[in-house]
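**Student:**
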Amino acid sequence: MSDQLTLTPNIDGADDFYAELLAVHEGLSKEDSDALNARLILVLANQIGNRAILTQALAAAALKPEV
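Terminal number for the sequence shown in the UniProt record's numbering: 67, no gaps in between.
#1: Taking the alpha helix (DSSP H) that Q56 belongs to, which residues open and close that run?
#2: Kindly list the residues whose CB is nearer than 6 Å to the CB of A52, restricted to its own chain and excluding five residues on each side of it in sequence; keep chain order.
#3: Just to confirm, is the Cβ distance from L7 to A61 under 8 Å?
#4: Taking L36 and L28 to be in contact with their CB atoms under 8 Å, please state how far apart those CB atoms are, rounded to whole angstroms.
#5: Looking at the unbroken alpha helix (DSSP H) that takes in Q47, where does it start and where does it end?
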């Protein structure tokens, strides 16, 4: 397994996944939606399991896009 974070598109059926993600949030309050996101992050982090990759993911997510 590589210790490099993949930032290029890498999800089979990405549009379907995005639709599922939106659907699971439908009807939730902001608080419940935030809690679902936190649980999802922890589930996916556990699946990844590689601390180096997780550290890179945190750094990538913390970058602020230029306006």
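Note that CB positions come from ideal geometry on N, CA and C, so glycine has one too.
**Tutor:** Quick look at the numbers:
#1: In the sequence shown, counting from the first residue as 1, residue 56 sits at position 56. Element bounds for Q56: R51 to A62.
#2: Mapped onto the sequence shown, residue 52 falls at position 52. Excluding positions up to five away in sequence, the list reads D3.
#3: Reading the sequence shown from its first residue, position 7 is the one you call residue 7. Reading the sequence shown from its first residue, position 61 is the one you call residue 61. Contact flag unset, no.
#4: On the sequence shown, position 36 is the one that residue 36 refers to. On the sequence shown, position 28 is the one that residue 28 refers to. The pair is a contact, with the Cβ atoms about 7 Å apart (cut-off 8 Å).
#5: Taking the first residue of the sequence shown as 1, we reach residue 47 at position 47. Looking at the DSSP string, the run of the alpha helix (DSSP H) that includes Q47 is K30 to I48.
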